[in-house]
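First to last, the protein sequences are chains B and S.
FYI, my numbering numbers position 125 of the first sequence as 126, with every residue one higher than the one before it.
FYI, my numbering numbers position 175 of the second sequence as 277, with every residue one higher than the one before it.
Just so you know, even glycine gets a beta-carbon here, dropped at the ideal spot from N, CA and C.
All of these numbers come straight from a predicted model, not from anything done at the bench.
Below you'll find the structure, written out as structure tokens, and then a few comments.
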Amino acid sequence: MTPTLILAVAGGALTAAGVYLLLERSLMRILAGLMLASNGVNLLFLVAAGPAGLAPIVGQDPEQIADPLPQAMVLTAIVITLAASALLLAMSYRSFQLEGHDEVADDVEDAIVRRRAEADLSSEAYVELTPEAQPDTESGGRAGDAR
Amino acid sequence: MLLTVTTLAVLGVVASALSSRMGRWVFLLPAAASLAAAVWFGLQGPAVAAGAVLQERVEWMPSLGIAIDLRLGALQWLLAMVVLGVGGLIFVYCAWYFESRTLAARTVGLLTGFAASMLLLVLADDLIVLTIGWELTTIFSYLLVGLNHRSSSNRRAAQTALIVTTVGGLTMLTGIMLLEAETGTFSLAATLADPPRTAAAAWAAALMLVGALSKSAIVPFQYWLPGAMAAPTPVSAFLHAAAMVKAGVFLIAALTPAFVELPWWRWGLVTLGIATMLLGAVRAMRQLDIKVLLAHGTVSQLGLLVTVLGIGTQASMQAGLALLAAHAVFKAALFMVVGVVDRGTGTRDLRELGGLGRRMPVAAGAAILAAASMAGIPPMIGFLGKEAALDAALADAQGSLVAIGWVAFIGIAAGAALTVAYSLRLIVGVFFGRPGAEVAKRSPMLVAAPVALALLGLALGFAGDAISAALLPHAATVPAGEEAPHLALWHGLTPALGASALAWLAGAALHVALGGRRRAPQGQDPFERGYHASMRGLDRLAVEVTGRLQSGSLPLHLTTILLVVVAGPGVALLLAGALTADLRAYDTLGQVGTAIVIVVAAVFATTTRGRLKAFMLLSVVGYGVAFMFLLHGAPDLALTQALSETVFLVILVLVLRRLPKYFTDRPLRAARYLRALLGIAVGTFAALAALAALQARTATPSSAAFYEWAYDFGHGSNIVNVTLVDIRAWDTLGEVSVLLAAATGVASLIFVRRPVAGGSGVLRQPSKASRSRGFLAGSFGDASMDSPVLEMITRLLFPIMMLVSIYLLAVGHNEPGGGFAGGLVAGIALAVRYLAGGREELTEAVPFDAGKLLGGGMAVVIASVVWPILIGGRIGESYAIEATLPLLGDQKLVTTLFFDIGVWLIVFGAMLDFVRSLGAGIDLHGEQDLAPRPAWRSDRSLPGREVAQ
């Protein structure tokens, strides 16, 4: 089938602008990037859906209607984007409330893991086996019951 | 048979629930069920011995060739008797063993569930069902070993058991898949009837054998079993002595007829079996804890079973299975006696025990009988089995398998001697000699089960003919060796009897020579060290990889992901040549104009530093995209997009009033061109992928039939709406769940630690009783910024907008509209009402909690999907009800309308949460000096004061 170029160009441009903003550290700009990219991808759905046509409502000529399935998918995507945007907005507000800015800092836990790797240590969850530590075989007996 | 499995499974759940009321007596429920089932299985014995095979079959996944296919042959009968008979007695024992209610409650469910899955394992003919039972026993074992999860060494032991047996189980599953690829069936019986002889089948057998060896704790996997003794003693008796560890032996016995002629089969099994037998026995002689001593003894005995089965003749099969039964009986009895001693004296340490024979004569008698069986002393069943094994090994050594027979013969004899030695260590150390720890009083019922098993072991010793007859149907399937001679106590003066006698003497001599030494046990064996080293290596590798790849910087992570997207699928897209020049520039001229507007707006949105400006430009993009949807022939999309854009604009402005004018600008300037480059690369890839998706399309779109379906099954004309509420209702269900989660998230972020919000998000009713005001009375003087005219107009508008919202909901099935659009309109109505009148106005408009709307909506959605099964329909089926109403004429009600109503409720609830949180919630923050205050002409703001708890 023949795709429509102008939709692909517009969708691609919105996606590109969205990705550019997504790579920022400010939550509000990330939010803007998310919205732009979502709009772009929604447009690209139309490209992949085939040519433009009549509204997919029974009664129209079945040969000329636009494909309804991608439309249903995009419809859910729009509402989900709205929900995700609202959540990001609230996160950004909360960040301003606590910090006075909304920049995403580097993860502290990841830095800890990196330091452990540099020091050739095992993970925090790993318990080194000591030869003295014999398994406690009393759990069915009183020791287990006492607790 | 299936009835027994399901009864036990259900009983596991029921017993857990009842345990709080019945205490430890709850164990008598599964005990009764197991013993009753054991009687039924016992009655099938004669028929099975005559060669009959009982079958039950329930289709499960016919398209994959998987069925719940149960088969009761001689081998399965033996194992089922062990699981139900010995298991039933262990349940009886549990009722007197456990003292605490909590431990009993957790144990009874797990133990009964284990019995059900073990029974499924041994009865299953379908290899997939067998694997399911297999893995279930692994999981129950894990949970039971880790029953006392507060101890880190117990957790470690449970984890080791889980990892070792699961690795084996997955290897076995791989083997089963491979075997199915060769034979075309998952049926064990069909595979055995016509065993494949290909190289792939040999690999399959090897992989399945790995599973069997790991489950039965054979070298190099044996180290998990002694650790598993962290479980309560009855659990050890059942899982780690009588039943679960026999699963691997069972599988070997089941596969032997098909694969015994593989060149490595006999040597592999005999070698590993003897190694396990000797290693386990030597380590057993060093233990001070009698339970751990028995555990190492179990390892040794499992090695013996594998050795005997590995000889691979009819006689050895009979001997191996007889030994299996013998071991289940005497080892369970011994474990239970250990439990009795533990309960009586409070210790299991050989250094503190001694001379208990006089004070616990009954328990001592049971233990001596059971240990005699273990050491192979007549007239116990253990003697019968060991004699038969030695005979079988020798019979082969005189036949075609000289070498293997002699190796097995010597190995078994040596193992027997060591077994005598550690049996003596146990019995003499505990029941004879200098009196040790004091004995507390305990219920005499505690020894009933071990005594019963010990006597059973004695009785079976005289039942050689009956045992032989029962085992014959399976032994006869082995394609090597002569027909097995009947088991008997007296065969005459044979070399086997000589070897036995020699083993008794050597074992006794060894015991005397060691003098019951009381040294503390030594550390781990090499296999265990290897396991721990590899686990540590895995952990270190994970740390290194994480430390290198997980830098913790969000932009960097995203960059990595996107680079992979461009470099991987992007390059593949270009190389595949899916793109052609077959393009249409545009469908309508309007598209071109709109495209120019939105692209320009998007580019400026990326460069501007002003917060409000950027989002205004984004709105332009959003409405432009809505127009694009309209031009494409998607009125539903255009409507929803325009509405959601409006809602977002409102809540955005509500937040922006508290944020600084400019974006925070980080010193990322050097990287901005790289970011732009990556953005363009990703955008280009996405566009090309969309083009290629359509150009490369060869199949008919799956939506081709939606036109007919929409009206025939969905009873609606708006195909998009029918798709949402009917054809793909599950998608929508998931989506509204996301909406619900996001709305709750927003509310929690704003109302976090806020005592102001009564309940979950309802703002306290304002003190000025605004509810008593007239419909059009404004809230004069509430706040200086209020506009009475606007407020009154919105009060007039509100019902109209709600009417529009409900209209959209009602017509959605046939015309553009639906629950989403309707809910958004209602949300806008709320926002307008709030903007004009403040938060009291909002409370008046919707005087209840948003959570109730969200939850109620979810309930309606789920109910409307599920209800058709109540009237025998399918989940998600829709019905049309046509009726003639007095005023409205002929009307048609489609049941999926309720689904849409649920969606409407959730969307409306989410909107209410948004407006209430980001509007009224932030107002409150402002009044209490909690909200951030933007610094003048800056990109920062002053953080709000955190509220004290």
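For residue j and residue i, the rounded distance between their alpha carbons
i, j, result
"PRO4(B)", "ALA794(S)", "9 Å"
"ALA87(B)", "LEU172(S)", "55 Å"
"LEU835(S)", "ASP828(S)", "11 Å"
"VAL91(B)", "ALA961(S)", "Per the sequence shown, the amino acid found at residue 91(B) is Ala instead of Val. Taking the straight line from one Cα to the other gives about 27 Å."
"SER886(S)", "GLY1023(S)", "With a pLDDT of 47 at SER886(S), under the threshold of 50, the modelled position of that residue is not reliable, and the figure given next carries that caveat. Spanning the two alpha carbons is a distance of roughly 19 Å."
"ARG642(S)", "GLN261(S)", "18 Å"
"GLY280(S)", "THR273(S)", "Gly is not the amino acid found at residue 280(S); the sequence shown has Leu there. So the two alpha carbons sit approximately 11 Å from each other."
"ASP1041(S)", "PHE765(S)", "6 Å"
"THR239(S)", "GLY975(S)", "37 Å"
"ASN820(S)", "LEU1032(S)", "48 Å"
"GLY114(S)", "PRO657(S)", "51 Å"
"LEU471(S)", "ALA306(S)", "42 Å"
"HIS613(S)", "VAL647(S)", "53 Å"
"PRO597(S)", "LEU455(S)", "39 Å"
"ASP137(B)", "TYR325(S)", "Confidence at ASP137(B) is low in this model, with a pLDDT of 46, below 50, so the placement of that residue should be treated as unreliable; the coordinate-derived value is given next. Rounded to the nearest angstrom, the two C-alpha atoms are 16 Å apart."
"LEU246(S)", "THR209(S)", "7 Å"
"LEU44(B)", "ALA9(B)", "7 Å"
"ALA703(S)", "HIS659(S)", "28 Å"
"SER721(S)", "VAL673(S)", "34 Å"
"LEU275(S)", "MET482(S)", "38 Å"
"LEU1007(S)", "GLY818(S)", "21 Å"
"SER881(S)", "ALA928(S)", "The predicted model places SER881(S) with a pLDDT of 48, which falls under 50 and marks its position as unreliable; any figure quoted below should be read in that light. Taking the straight line joining both Cα atoms gives about 23 Å."
"ARG148(B)", "PHE950(S)", "Low confidence applies here, because ARG148(B) scores a pLDDT of 30, under 50, leaving its location unreliable; read the following figure in that light. Each residue's Cα considered, the two are about 45 Å apart."
"PRO671(S)", "LEU739(S)", "29 Å"
"ALA788(S)", "LEU751(S)", "27 Å"
Residue i vs residue j beta-carbon contact at 8 Å
i, j, result
"ALA383(S)", "GLY329(S)", "no"
"ALA53(B)", "ASP68(B)", "no"
"VAL1017(S)", "ILE81(B)", "no"
"ALA386(S)", "VAL522(S)", "no"
"PHE853(S)", "THR742(S)", "no"
"LEU1026(S)", "ARG1035(S)", "no"
"ARG450(S)", "ASP444(S)", "yes"
"GLY649(S)", "ARG117(B)", "yes"
"SER1019(S)", "VAL848(S)", "yes"
"GLY189(S)", "PHE340(S)", "yes"
"VAL59(B)", "TYR813(S)", "yes"
"VAL580(S)", "VAL394(S)", "no"
"ALA33(B)", "LEU22(B)", "yes"
"MET103(S)", "LEU156(S)", "yes"
"GLY167(S)", "THR287(S)", "yes"
"GLY19(B)", "LEU37(B)", "yes"
"ALA56(B)", "PRO803(S)", "no"
"ALA494(S)", "THR415(S)", "yes"
Amino acids of chain S, ordered along the chain, whose beta-carbon sits closer than 9 Å to that of residue i
i, result
"ASP62(B)", "Correct list: empty, because the minimum Cβ distance to chain S is about 10 Å."
Beta-carbon neighbours of residue i, restricted to chain B and to distances below 7 Å
i, result
"GLN743(S)", "ILE79"
Listed by chain order, chain S residues near residue i by CB distance under 7 Å
i, result
"LEU88(B)", "ALA844, GLY847 and VAL848"
"LEU22(B)", "THR708"
Under 9 Å by beta carbon: chain B residues contacting residue i
i, result
"GLY804(S)", "Checking the sequence, you will find Ser at residue 804(S) rather than Gly. Chain B residues near SER804(S): LEU70."
"ALA797(S)", "Note on residue identity: the sequence assigns Gln, not Ala, to residue 797(S). Ordered by position in chain B, the residues that pass the 9 Å Cβ test against GLN797(S) are MET2, THR3 and PRO4."
"ASP833(S)", "ALA73, MET74 and THR77"
"LEU294(S)", "In chain order: nothing, as chain B lies at least about 40 Å away."
Presumed contact (8 Å Cβ cut-off) between residue i and residue j, rounded CB distance
i, j, result
"ALA417(S)", "ALA586(S)", "4 Å"
"PHE46(B)", "VAL75(B)", "5 Å"
"PHE432(S)", "SER402(S)", "Incorrect: roughly 13 Å between the Cβ atoms, too far for contact."
"PHE1010(S)", "VAL963(S)", "Actually they are not in contact, since the Cβ atoms of PHE1010(S) and VAL963(S) sit about 13 Å apart, beyond 8 Å."
Within chain B, partners of residue i - CB distance below 8 Å
i, result
"GLN1030(S)", "What GLN1030(S) touches in chain B: nothing, since even the nearest Cβ is about 12 Å away."
"ILE753(S)", "ALA87 and LEU90"
What are the uninterrupted segments assigned as alpha helix (DSSP H) that are 4 or more residues long and contained completely in the segment 178–210 of chain S, given in chain order?
-> 189–199
Considering only residues of the segment 644–701 of chain S, which uninterrupted alpha helix (DSSP H) runs meet the minimum length of 4 residues and lie entirely inside it, listed in chain order?
-> 656–667 and 673–678
Runs of alpha helix (DSSP H) wholly within the segment 431–488 of chain S (minimum 4 residues, chain order) | 463–477
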